[in-house]
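Student:
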Amino acid sequence: MALEVRVLQVGVSAIRGVRAEVLGAAGLGAKNQVDHLDTTRHWALLVDGEVVGCATVVEVRGVLLRAMAVCARRRGLGLGRVLLAAVCDDVAQRMWCNARLPAVPFFLACGWVEQSPVFDMRGKGLHQRLEWIPDAQAAD
Ligand SMILES: CC(C)(COP(=O)(O)OP(=O)(O)OC[C@H]1O[C@@H](n2cnc3c(N)ncnc32)[C@H](O)[C@@H]1OP(=O)(O)O)[C@@H](O)C(=O)NCCC(=O)NCCS
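Anchor point for the sequence shown: position 114 equals 119 in my numbering, and the numbering is continuous, going up by one each time.
1. Within the present structure, is the beta-carbon of residue 83 separated from the nearest heavy atom of ligand 1 by less than 7 Å?
2. I need the straight-line Cα distance from residue 49 to residue 18, nearest angstrom please.
3. Excluding the five sequence neighbours on either side, which residues of its own chain have a C-beta within less than 8 Å of the C-beta of residue 132, listed in chain order?
4. Tell me which same chain residues have a C-beta within less than 6 Å of the C-beta of residue 47, skipping the five on either side of it?
5. Just to confirm the assignment, what range does the beta strand (DSSP E) spanning residue 113 have?
6. Tell me which residue opens and which closes the alpha helix (DSSP H) that residue 96 is part of.
7. How far does the beta strand (DSSP E) with residue 47 in it reach, from first residue to last?
8. So what does DSSP say about residue 7, is it helix, strand or coil?
9. Between the Cα of residue 41 and those of 56, 23 and 64, spot the shortest distance and give me the residue it belongs to.
10. Rounded C-beta distance between residue 10 and residue 84? I'm assuming under 8 Å.
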C-alpha cells in the first residue's frame with residue numbers, strides 16, 4: 006500500500022524529536038533561541054502520520070534554511086526532496102543555507118546553487134554556503 010506523505014507547517018515542539026534524532030547536539034544548540042521568533046517557521050514531514058523529517062526557516066541575513074533532516078530509515082526515497090520543495094513553495098523567496106558537506110549533493114540535486122567554497126565551520130565540520138533562487142527554478 007502506498008505511503009501517505011504530507012508536509013505541514015508546525016510548531017517547533019512537533020519536530021524536536023526528529024531533529025534531535027538526526028542532528029543531535031547540532032540541532033539543539035544555543036541557536037535554537039531563534040526557534041521561537043515570530044518570523045521563524047517550522048515544517049514537519051509526515052509518513053503515515055509519523056514525523057520523519059523537519060526543516061526550519063529563520064530570518065537572519067536574509068532567509069536561512071536550517072536543521073533540515075530526514076530520519077535515517079526513510080532516506081533515499083525522495084522524501085527530502087518533497088520536504089524541501091514544500092518549504093521552497095511556502096517561502097517563495099531567495100533562501101540560503103550552510104549545508105554540511107555530505108548534504109551538498111542533495112541540495113544541488115534539488116536546484117540549490119553553490120555560493121561559497123567549502124569551509125570549516127568552527128568545530129562543526131566542513132560546510133558550504135548554498136542558495137535557492139525561486140526565479141531560477143521558474144526559468145528552468
Ligand atoms: C540530506 C537529507 C535531508 C536528504 O534526504 P533524502 O530523503 O535522503 O533525500 P532524497 O531521497 O529526497 O534525495 C533527493 C535527491 O538528492 C540526491 N541525494 C540525496 N542525498 C545524496 C547524497 N548523499 N549524495 C548524492 N546525492 C544525494 C538523491 O539522489 C536525489 O536525487 P535524484 O532525485 O536526482 O535521484 C538526508 O540525507 C539527511 O537528513 N541527512 C542528515 C542530516 C543533514 O545532513 N541535513 C542537512 C543539514 S545541512
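Here a beta-carbon is modelled for each residue, glycine too, at the ideal position from N, C-alpha and C.
Tutor: According to the data block:
1. yes
2. 10 Å
3. 103, 104, 105, 106, 123, 124, 125 and 126
4. 15, 17, 20 and 61
5. From DSSP, residue 113 is part of no beta strand (DSSP E) but of the alpha helix (DSSP H) over 109-114.
6. 84-96
7. 46-52
8. coil
9. 64
10. 7 Å
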